[in-house]
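Residue numbers (our numbering): 4 to 343. By construction, the Cβ of each residue, glycine as well, lies at the ideal position given by its N, Cα and C atoms. Since the structure is predicted, the reported quantities are computational estimates derived from the model, not experimental observations. Some notes on the structure that comes next.
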Amino acid sequence: MLHAHSHDHDDQDHGHDHGHDHPPVPAGRLRVALRVMLALALLAGAGLAASAVAVNAGQAVVVTQFGNPLRVLTAPGLAWKLPAPVQGTIPVDLRLRTTSTGVQDVGTRDGLRILVQAYVAWQVPAEPDRIRQFLRAVSNDPDEAARQLRSFAGSALQVTASGFDLADLVNTDGERIRTGAFEDRLQAQIASSVLDTYGIAVREVGLERLSLPETTLAATVGRMRSEREVVAAERTAEGLRAAAQIRSDAARDNRIIISRARTEAAEIEAASRQEAAKIHAEAYQADPGLYLLLRSLDTLATVVGANTRLVLRTDAAPFSALVEETPADAGGLAVAAVKK
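Given below as C-alpha cells:
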C-alpha cells in the first residue's frame, strides 16, 4: 500500500509538471550570457578602433596591406581600413621644413673664393605618387631627407656660383647686386633634382650668409677702391665740364649784356643829341646873338684847357667874346693868355 501511494504521488507530480511553464534560468547561466555579450561588444569596439584611421591637418596616411602601400589618404578626417595585421598605417609629415646647407667655400666665375651659406624650405607635396616616392627613397625619415637635401644644395652652390662674378654678389653699387638671380638659379638647380629623386618639393631657397676669405677680401677692397677712384675721376671731369660751361655761359651773357647796354647807350646819346639840337634850334630862333655867344663859350670850354696858350685873332669867333669892343683893326694881333 505504501508503494502504491508513493507511485500515485509521483504520477501526480509528473502531471503537474506537464501542465505548467519551465522554471526560470539559473543566475549562473545569465551571468555567463552577459559576459559573452560584453566580450562581443568589446571585440566589436576594438575592431572598429583598429579599423579607424584619423588623418590630421598637415599630414598624410599611407594604408599598407601586409607591409605594401595600398592607398594614400591626404584629406583630413576619419577613414577606415581592415584591422591589423591585415592592413596598417604609416603617417607622413607634410609640413614645411627648413634645412641649412652650412658654410660652403665656392668659387666665382672670375676665379675668386667666397663663403656662402644658404637655406632650403621644402616639404613633401600632398600627392599620392610623391608620398610613395618619399617612402621608398628615405623610408619616411625627414632627417635623412634633410641630409640628402643638404648634399644636393652644396653641389648646386658650387655650380651656381661659377656662373656669377664676385661683383654680382658683393658691390657698393646696389643696382649691380644680383643675389635674387643667384637664389633663383640655385633653387632651379636643387628643385629638379630632389623632386625626381626623393619626391620633395622645394618651396624657397635663400642666402643666409655671404662672406669673403682674406685673399678675396683684399682683392675685393682693391677692386672697390679702383671703382671709387674711377667714379671720383668721372665726377671731377663732370664738375670741370660743368664749370667750363658755366664760365662760357657767363662770358656769353656778359657780352650780350654789354652789347645791349652799348646799343641802349648809343640810342640814348642819339636821342639826347637830337633833343639838344632841337633845344639849340629853338634857342637860336629866340635870340640869335645870345645863342652865338653861348656856343662860343661852349667851344672855348671844349678846346681850351688848363695852361693853354693861344695866339689868335681876337676879332674871330669864338674869342671875340673874350675881349672888349675896340676899334676895328683888321691887321691887329692880340696875345691872349687863357686859363681855365
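Quick check on this structure: which residue in Arg312, Arg179 and Asp168 has the alpha carbon closest to the alpha carbon of glycine 114? Reading the sequence shown from its first residue, position 111 is the one you call residue 114. Measuring from the Cα of glycine 114, the nearest candidate turns out to be Asp168.
What first and last residue would you give for the alpha helix (DSSP H) that runs through aspartate 132? Numbered from its first residue, the sequence shown carries residue 132 at position 129. Counting along the chain, the alpha helix (DSSP H) containing aspartate 132 begins and ends at 131-141.
Meets three-Cβ-pair contact criterion under 8 angstroms: the region 75-91 and the region 147-156: no
Can you give me the Cβ contacts of glutamate 327 inside the same chain, cut-off strictly under 6 angstroms, excluding the 5 residues immediately before and after it? Here residue 327 refers to the residue found at position 324 when the sequence shown is read from its first residue. Low local confidence applies: a pLDDT of 48 at glutamate 327 is under 50, so the model's placement there is unreliable, with the coordinate-based value given in what follows. So the list is empty, once near-sequence residues are dropped.
Measure the C-alpha to C-alpha separation of alanine 309 and leucine 300 and round it to an integer number of angstroms. Working through the sequence shown from its first residue, we reach residue 309 at position 306. Working through the sequence shown from its first residue, we reach residue 300 at position 297. Cα to Cα, the separation comes out at about 15 angstroms.
Beta-carbon proximity check, asparagine 143 vs valine 95, cutoff 8 angstroms: Reading the sequence shown from its first residue, position 140 is the one you call residue 143. Reading the sequence shown from its first residue, position 92 is the one you call residue 95. Yes.
Specify, as a first and last residue, the run of the alpha helix (DSSP H) that isoleucine 193 falls within. Translated into the one-based positions of the sequence shown, residue 193 becomes position 190. Residues 182-201.
Indicate the three-state DSSP secondary structure (helix, strand or coil) for valine 106 in the structure shown. As a first step, residue 106 is located in the sequence shown; it is residue number 103 there, counting from the start. Three-state result, valine 106: coil.
Answer yes or no: do aspartate 108 and arginine 100 have a C-beta to C-beta separation smaller than 8 angstroms? Position 105 of the sequence shown holds residue 108. Position 97 of the sequence shown holds residue 100. Contact: no.
Between the C-alpha atoms of aspartate 237 and threonine 111, what's the straight-line distance to the nearest angstrom? The residue labelled residue 237 in the question sits at position 234 within the sequence shown. The residue labelled residue 111 in the question sits at position 108 within the sequence shown. What sits at residue 237 in the sequence shown is glutamate, not aspartate. If I take the Cα positions, the gap works out to 29 angstroms.
Do you know offhand how far aspartate 20's Cα is from methionine 40's? Position 17 of the sequence shown holds residue 20. Position 37 of the sequence shown holds residue 40. Below a pLDDT of 50, predicted positions are generally treated as unreliable, and aspartate 20, at 46, falls in that range; the measurement from the model is reported next regardless. Looking at the two C-alpha atoms, the distance is approximately 32 angstroms.
Taking Cβ to Cβ, would you say serine 103 is nearer than 8 angstroms to glutamine 120? As a first step, residue 103 must be located in the sequence shown, where it is residue number 100. As a first step, residue 120 must be located in the sequence shown, where it is residue number 117. Closer than 8 angstroms, so yes.
Taking just the CA atoms, how far does arginine 228 sit from serine 165? Stepping through the sequence shown from its first residue, residue 165 is reached at position 162. Stepping through the sequence shown from its first residue, residue 228 is reached at position 225. Cα-Cα distance, rounded: 24 angstroms.
So for asparagine 71, helix, strand or coil by DSSP? Taking the first residue of the sequence shown as 1, we reach residue 71 at position 68. Strand.
Sequence-distant residues of its chain with Cβ nearer than 7 angstroms to proline 79 (five each side left out): As a first step, residue 79 must be located in the sequence shown, where it is residue number 76. Cβ neighbours of proline 79 beyond the five flanking positions: Val58, Asn59 and Ala60.
Of the choices Ile249, Arg74, Arg38 and Gln62, whose alpha-carbon is the least far from that of proline 128? The residue you call residue 128 lines up with position 125 of the sequence shown. The shortest C-alpha separation from proline 128 is found at Gln62.
Would you call the region 187-201 and the region 131-149 touching, i.e. three or more CB-CB distances under 8 angstroms? yes
Just mark isoleucine 259 as buried or exposed, buried being the case when its beta carbon has 16 or more other beta carbons within 10 Å. Here the question's residue 259 lines up with position 256 in the sequence shown. The residue is exposed, with fewer than 16 neighbouring Cβ atoms inside 10 Å.
Taking the Cβ atom as the reference point for each residue, do glutamate 207 and alanine 148 lie within a distance shorter than 8 angstroms? Position 204 of the sequence shown holds residue 207. Position 145 of the sequence shown holds residue 148. Result no, Cβ atoms of glutamate 207 and alanine 148 do not sit closer than 8 angstroms.
Output needed for histidine 8: all residues of its chain with C-beta closer than 8 angstroms, excluding positions within five of it in sequence on either side, in chain order. In the sequence shown, the residue the question calls residue 8 occupies position 5. Since pLDDT at histidine 8 reaches only 42, below the 50 mark, its modelled position is unreliable, and the value read off the structure follows with that caveat. Within the same chain, histidine 8 has no close Cβ partners at all.
Less than 6 angstroms between C-beta atoms, sequence neighbours within five positions excluded: which residues of the same chain meet that for alanine 235? Counted from its first residue, the sequence shown places residue 235 at position 232. Cβ neighbours of alanine 235 beyond the five flanking positions: none.
Can you say whether alanine 170 is buried or exposed, counting buried as having 16 or more other CB atoms within 10 angstroms of its CB? For the purposes of this step, residue 170 is identified with residue 167 of the sequence shown, where counting begins at 1. Per the 10 Å Cβ criterion, buried.
Are the beta-carbon atoms of valine 66 and leucine 81 separated by less than 8 angstroms? Here residue 66 corresponds to residue number 63 of the sequence shown, with the count starting at 1. Here residue 81 corresponds to residue number 78 of the sequence shown, with the count starting at 1. Going by C-beta atoms, valine 66 is not nearer than 8 angstroms to leucine 81.
Are the beta-carbon atoms of leucine 215 and valine 173 separated by less than 8 angstroms? For the purposes of this step, residue 215 is identified with residue 212 of the sequence shown, where counting begins at 1. For the purposes of this step, residue 173 is identified with residue 170 of the sequence shown, where counting begins at 1. Their beta carbons are under 8 angstroms apart, which means leucine 215 touches valine 173 by this criterion.
8 angstroms contact criterion, which tryptophan 83 and valine 106 should meet: CB distance rounded: Taking the first residue of the sequence shown as position 1, residue 83 is located at position 80. Taking the first residue of the sequence shown as position 1, residue 106 is located at position 103. That pair is no contact at about 50 angstroms.
Pick from Gly177, Arg179, Leu210 and Ile180: whose alpha carbon is nearest that of leucine 189? Taking the sequence shown and counting its residues from 1, the one referred to as residue 189 is at position 186. Measuring from the Cα of leucine 189, the nearest candidate turns out to be Leu210.
So what does DSSP say about arginine 112, is it helix, strand or coil? On the sequence shown, residue 112 is found 109 positions in, with the first residue counted as 1. Here arginine 112 sits in coil by DSSP.
From arginine 276 to glutamate 270, what distance separates their C-alpha atoms? Residue numbering aside, residue 276 sits at position 273 when the sequence shown is read from its first letter. Residue numbering aside, residue 270 sits at position 267 when the sequence shown is read from its first letter. Their Cα atoms are separated by approximately 10 angstroms.
Where the alpha helix (DSSP H) through leucine 295 begins and ends: Within the sequence shown, the letter at position 292 stands for residue 295. Here the alpha helix (DSSP H) through leucine 295 covers 291-306.
Using the rule of at least 16 other Cβ atoms within 10 Å of the residue's Cβ for burial, across every protein chain shown, is proline 291 buried or exposed? Counting from 1 along the sequence shown, the entry for residue 291 is found at position 288. Counting Cβ neighbours within 10 Å, proline 291 comes out exposed, since fewer than 16 surround it.
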